[in-house]
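Going by our numbering, the first residue of the sequence shown is number 55, and it counts up by one from there.
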Amino acid sequence: MDVKSVFLNRYIKEEFYMEQPPDFQDYKHPDHVFKLRKALYGLKQTPRSWYERLSEFLGKKGFNRGKVDSTLFIKNSKNDRLYVQIYIDDIIFGSTNYALCKEFSKTMQEEFEISMMGELTYFLGLQVKQSENGIFIHQSKYCNDLLKKYKMLDCKEAETPMATNCYLDLDENDNVVDQKLYRGMTEPLLYLTASRPDIMHNVCLCARFQSQPKESHLTIVKRILKYLKGTKSLGLWYPSGINIFLEGYSDSDFGGCKLDKNSINGTCHLLGCSLVS
């Protein structure tokens, strides 16, 4: 679902004035300014104003805002639930009861100008494939774009994201690499971990050295990209018809960090039998 002209849907509390825009000038009073009555694109308060407008509307319709994620809204209806996730003007929603989805769509159309995008297939870099057996979430297009950007589409594939005997440290004697290049490669990889927990540990290790990256660090980042080339189709699988229960596991090494001898902790959480983080 896409909401049209979201930043024009709210009156603002503060007083704002703007210069007369071209084609709307009052030539009799060229020094006059306009006082804004509603939110406008370009104001830093506008996104917050839209969020407050939508939150207030959903609250009146029986939705509860998520305690952890304030952009997630949940509505309970007997034994069914409706989930609504918002990202500025893009809204995705789903329910255990299709009638609740239709009701929500109608409610939004009565209040805002919206366009329906159909079944969810893509959202914020995540590709979603739905079937009767479950839901598969992956980022193969994101991987391809990343490999293409750094001219590694034809690189040799790596079987693992990092060698088992590899330990990263400051490596003060190694050559310094371009910080902008290094950050430009590691930060997209951090976003990729949303559907690729298999690279989470390695990417987080590399992200520690963004202030002073060395050639040895960049080599590991490139190896992760080589690993992704051969595993682009991997993702998260959520089968249908399973009992939903949240389960978590954690473990820690002992003084595993060579920089400060701190121990490194790792966790994983499963919803039913499917990994979520």
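C-beta atoms are modelled at their ideal positions from N, C-alpha and C, and glycine is treated no differently.
Since the model is a prediction, treat every value here as computed from it, not as a measurement.
| Asked | Found |
| --- | --- |
| Tell me the residue span of the beta strand (DSSP E) that contains THR321. | 319 to 325 |
| Can you round the beta-carbon distance between LEU180 and SER249 to whole angstroms, since I take them to be within the 8 Å contact cut? | 6 Å |
| Candidates ILE189, PHE166 and HIS255: which alpha carbon is nearest VAL57's? | PHE166 |
| What number of angstroms, rounded off, separates the C-alpha of THR240 from the C-alpha of ILE274? | 10 Å |
| Excluding the five sequence neighbours on either side, which residues of its own chain have a C-beta within less than 8 Å of the C-beta of GLY302, listed in chain order? | THR321, CYS322, HIS323 and LEU324 |
| Just to confirm before moving on: does the CB-CB distance between SER103 and ILE66 stay below 8 Å? | yes |
| With a CB to CB cut of under 6 Å and the five nearest residues on each side skipped, what residues in its chain are close to LEU222? | LEU259 |
| If the criterion is Cβ atoms closer than 8 Å, does the pair SER194 and LYS286 meet it? | yes |
| Please name the residue in LYS156, GLY326 and ILE296 whose C-alpha comes closest to that of ASN187. | ILE296 |
| Using the beta-carbon count (16 or more within 10 Å), is ASN227 buried or exposed? | exposed |
| So, helix, strand or coil for ILE298, using DSSP? | coil |
| Going by beta-carbon coordinates alone, are ALA261 and LEU244 separated by less than 8 Å? | yes |
| Measure the C-alpha to C-alpha separation of MET55 and THR218 and round it to an integer number of angstroms. | 45 Å |
| Just checking, does the region 113 to 123 make contact with the region 89 to 101 on the three C-beta pairs under 8 Å criterion? | no |
| Could you give the DSSP three-state label for ARG277: helix, strand or coil? | helix |
| List in chain order: all unbroken beta strand (DSSP E) runs of 3+ residues lying wholly within the region 65 to 137. | 126 to 131 |
| Span of the beta strand (DSSP E) holding LYS183? | 180 to 185 |
| Thinking just about the alpha-carbon of each residue, which of GLN74, GLU69 and VAL122 is nearest to the one in GLN99? | GLU69 |
| Express the C-alpha separation of VAL87 and ASP80 in angstroms, rounding to a whole number. | 9 Å |
| Is it the case that the Cβ atoms of GLY113 and GLU211 are separated by a distance below 8 Å? | no |
| For PRO267, tell me which candidate among LEU224, LEU290, ILE278 and ASP199 has the shortest Cα-Cα distance. | LEU224 |
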